[in-house]
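As structure tokens, the structure follows; a few thoughts come after it.
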Amino acid sequence: MALVDIIMPQMGESIAEGTLSKWLKKVGDEIKRDEPIFEISTDKVDAEIPAPSAGVLSEIIVKEGETVAVQTVVARIETDAESAEKKSAAESAEKQSAPAAVGAAAAPAAAQSDRGSPSVISAAPPTSARSVSPNGDSFEERVRTRSSPLVRKIAAEHGLDIAALQGTGIAGRVTKKDILGFIESGATAGERAASMHAPGGVGIPEQHGPIPEPWPGDRVEQMSKMRALISDHMVASRRTSAHVTSWMEIDLTRVARIRARKRAEFETATGQKLTFLPFIIASVVKGIQAYPIMNSSVAGRSIIYRKPINIGVAVALDWGLIVPVIRNAEDLSVAGITRTLNDLASRARAKKLSPEEVQDGTFTITNPGVFGSLMGAPIINQPQVAILGVGAIEKRPKVMTGADGEDTIAIRTCAYFSLSFDHRIVDGADADKFLAYMKKQLESYPESGA
1375 MALVDIIMPQ
1385 MGESIAEGTL
1395 SKWLKKVGDE
1405 IKRDEPIFEI
1415 STDKVDAEIP
1425 APSAGVLSEI
1435 IVKEGETVAV
1445 QTVVARIETD
1455 AESAEKKSAA
1465 ESAEKQSAPA
1475 AVGAAAAPAA
1485 AQSDRGSPSV
1495 ISAAPPTSAR
1505 SVSPNGDSFE
1515 ERVRTRSSPL
1525 VRKIAAEHGL
1535 DIAALQGTGI
1545 AGRVTKKDIL
1555 GFIESGATAG
1565 ERAASMHAPG
1575 GVGIPEQHGP
1585 IPEPWPGDRV
1595 EQMSKMRALI
1605 SDHMVASRRT
1615 SAHVTSWMEI
1625 DLTRVARIRA
1635 RKRAEFETAT
1645 GQKLTFLPFI
1655 IASVVKGIQA
1665 YPIMNSSVAG
1675 RSIIYRKPIN
1685 IGVAVALDWG
1695 LIVPVIRNAE
1705 DLSVAGITRT
1715 LNDLASRARA
1725 KKLSPEEVQD
1735 GTFTITNPGV
1745 FGSLMGAPII
1755 NQPQVAILGV
1765 GAIEKRPKVM
1775 TGADGEDTIA
1785 IRTCAYFSLS
1795 FDHRIVDGAD
1805 ADKFLAYMKK
1815 QLESYPESGA
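Under my numbering, the sequence shown has 1480 at position 106, and the numbering climbs by one with no breaks.
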């Protein structure tokens, strides 16, 4: 018999720690290779982690709710020696071919822009993960200074010491956005670091007024990793962007008729449910192509116009909210959008998404209408500049003008659409033109439809 370590995987190069949110197995359980064994929460995604080997779960080291560094041993599996020997040989070959290979327990992830590929090297017990190194640096300091190659290059070009900066990444890691913001501010490293820790500073949402105390009988529980990150992200977005929201009612009767006519045929041919959302996404793509400012980001005094149209779609989960991304939506038909959307949503609910599938969105859509909400003013998903909210789609009486010029009351399928936009670079006129363009697209949707 042999013991195989199960480690906290690194779900992306920029992630330095993870929270073990739930054990799916208990000590003594038999485990199959690649069977989900525990769930983790990181600053990017919740995920189920598969077992690296078959065997019996012999020891649980990290308890539910604990946050530990990547590479930390969280449990051990007892397996037969022959399997362990094969695993050891495979790992040796992998290490020789690549200095930092993906660990057996890590979920697959593609290379990411300036974030690199995920890597898990060797495991370290929780007690040593945060121990002080011989040169006196703490774990957090080592993580912060181990920034991406691009960040280190920018720092070298400007004569900056990364260790003097406090970033917004995990454990204070300095990101590209942090260092560019610092350079543009013209502040000293000390001033910048101090501002990051000050009330209202980046990464630390300020709570105004006294902190409430629990009363007798109240139930108190810590925020989950995902809830805390959503909280930080929303506060930072309100502080960053000049939020303005416009609303427009759109008549979806024509889309509803096309959907009803093609729904059975489409679902038989593709095995996918045909909802209103793919039609809306297709109209958003066309609107972005007509008004590229909606697909941009603010970088100091510069505007970055994104070439790909990557549509993030908010998915409500029982434990929070996640925004998987439909990449290059401009290259997809309604059928292609439907397949991608349904796949991402189902895997989001099953915690099967990889980190890159929730990154690099350029425009976000949220659909509170599925819960009956008529309208809302969503918060922009940074670093994007706009987010579309789709209200409840329902039949309403509307005044229609007939061919003879007379007004009549008709039953129409309608919804209120809201667009929250960053008024720093998006003017109200452009936002309203974008909504009007979408309205025209949806109200005159071609009969060929999906």
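The beta-carbon is built from N, C-alpha and C at its ideal position, and this holds for glycine as well.
Exercise. Are T1441 and E1391 close, meaning C-beta to C-beta below 7 angstroms?
Worked result: With contacts defined as CB atoms closer than 7 angstroms, T1441 and E1391 qualify as a contacting pair.
For this session: Under 8 angstroms Cβ to Cβ from G1429, same chain only, skipping five residues before and after it: list those, please.
Result: Closer than 8 angstroms at the Cβ level, and outside the excluded window around G1429, lie V1378, E1404, I1405, I1451, E1452, T1453, D1454, S1457.
Exercise. How do the stretch 1674-1694 and the stretch 1719-1736 stand: do at least 3 beta-carbon pairs fall below 8 angstroms, yes or no?
Worked result: With a cut-off of 8 angstroms, the stretch 1719-1736 and the stretch 1674-1694 count as touching, because enough Cβ pairs lie within range.
For this session: Assign P1424 to buried or exposed, taking buried as 16 or more other Cβ atoms, counted over all protein chains shown, within 10 Å of its Cβ.
Result: Buried: at least 16 other Cβ atoms inside 10 Å.
Problem set entry | C-alpha distance - A1703 paired with E1730, whole-angstrom precision | When rounded, the distance between both Cα atoms is 16 angstroms.
Exercise. What three-state label does DSSP hand D1705 in the structure shown?
Worked result: Residue state, collapsed to three classes: helix.
Exercise. Just curious, the beta strand (DSSP E) that S1728 is in, first and last residue?
Worked result: In this chain, S1728 is not harboured by any beta strand (DSSP E), its DSSP state being neither H nor E.
Problem set entry | Unbroken alpha helix (DSSP H) run spanning A1638, endpoints | Per DSSP, the continuous alpha helix (DSSP H) segment holding A1638 begins and ends at 1627-1644.
Exercise. What's the gap between the Cα of I1700 and the Cα of V1687?
Worked result: A direct Cα-to-Cα measurement between I1700 and V1687 gives close to 8 angstroms.
For this session: Put L1748 into one of helix, strand or coil per three-state DSSP.
Result: Residue state, collapsed to three classes: coil.
Problem set entry | Contacting residues, own chain, Cβ-Cβ under 6 angstroms from S1432 (five flanking each side not counted) | So the list reads R1450, E1452, once near-sequence residues are dropped.
Problem set entry | Bridge partner(s) assigned by DSSP for D1904 | There is simply no residue 1904 to check, as the chain begins at 1375 and stops at 1824 in what is shown.
Problem set entry | Extent of the continuous beta strand (DSSP E) to which M1774 belongs | Taken as a continuous stretch (DSSP letters only), the beta strand (DSSP E) holding M1774 covers 1768-1775.
Exercise. Where do the ends of the beta strand (DSSP E) carrying V1430 lie?
Worked result: For V1430, the enclosing beta strand (DSSP E) has its first and last residue at 1429-1434.
Problem set entry | V1658 (DSSP reduced to helix, strand or coil) | In the three-state DSSP reduction, V1658 falls in the helix class (H, G or I).
For this session: Report back the beta-carbon spacing between V1708 and F1653 to the nearest angstrom; my notes put them in contact at under 8 angstroms.
Result: Indeed they touch by this definition, with Cβ atoms about 6 angstroms apart.
Problem set entry | Nearest neighbour of I1604, chosen from T1712, G1735, Q1756, Y1811 [CA to CA] | Ranking the options by Cα distance to I1604, first place goes to Q1756.
For this session: For K1599, collect the residues of the same chain with a Cβ closer than 6 angstroms to its Cβ; drop the 5 residues on either side in sequence, then sort them by chain order.
Result: Within its own chain, the residues whose Cβ lies closer than 6 angstroms to the Cβ of K1599, once the five positions on either side in sequence are excluded, are T1393, S1415, listed in chain order.
Problem set entry | Host beta strand (DSSP E) of I1785 (start-end) | Counting along the chain, the beta strand (DSSP E) containing I1785 begins and ends at 1781-1796.
Exercise. Taking just the CA atoms, how far does L1398 sit from V1609?
Worked result: Spanning the two alpha carbons is a distance of roughly 33 angstroms.
Problem set entry | Contact the stretch 1781-1793 vs the stretch 1641-1648: 3+ CB pairs below 8 angstroms | Cβ pair count under 8 angstroms is below three, so no.
For this session: Ignore the nearest five residues each way along the sequence and tell me which others in I1662's own chain have a CB closer than 7 angstroms to its CB.
Result: Excluding sequence neighbours, I1662 sits near M1668, N1669, I1683, F1737.
Problem set entry | Identity of the residue in I1783, L1727, D1806, P1383 nearest L1762 by Cα | Cα-wise, what sits closest to L1762 is D1806.
Exercise. Considering only the beta carbon of each residue, do I1767 and V1672 sit closer than 7 angstroms?
Worked result: Not a contact, by the Cβ cut-off of 7 angstroms.
Exercise. Relative to the alpha-carbon of L1809, which residue among D1778, T1714, A1760, L1539 has its alpha-carbon at the smallest distance?
Worked result: Checking every option, the nearest Cα to that of L1809 belongs to A1760.
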